[in-house]
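Numbering (UniProt numbering), first residue to last: 1 to 31.
Ideal Cβ placement from N, Cα and C applies to all residues, glycine included.
A quick write-up on the structure given underneath.
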Amino acid sequence: MQRKCHRCDRLFTPDSHSTWCPDCRAGKPVK
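Here it is, written out as structure tokens:
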């Protein structure tokens, strides 16, 4: 089940109950 990241609005497949995609959790800038 894909989820929309609450920070960058991209769809991602969560590996837990997080609401941020891996890129945002890693601190990468939002394009």
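With respect to the alpha helix (DSSP H) encompassing residue i, which residues constitute its N-terminal and C-terminal limits?
{"i": "arginine 25", "result": "22–25"}
Looking only at its own chain, which residues have a Cβ that is under 7 Å from the Cβ of residue i, when we skip the five neighbours before and after it?
{"i": "histidine 6", "result": "Thr19 and Trp20"}
With a threshold of 6 Å on Cβ separation, who are the neighbours of residue i within its own chain once the five nearest residues in sequence on each side are excluded?
{"i": "lysine 4", "result": "Leu11"}
Near residue i, what residues of its chain come up, given a Cβ to Cβ distance below 8 Å and the 5 sequence neighbours on each side ignored?
{"i": "proline 22", "result": "Phe12 and Asp15"}
{"i": "valine 30", "result": "Arg7, Cys8 and Cys24"}
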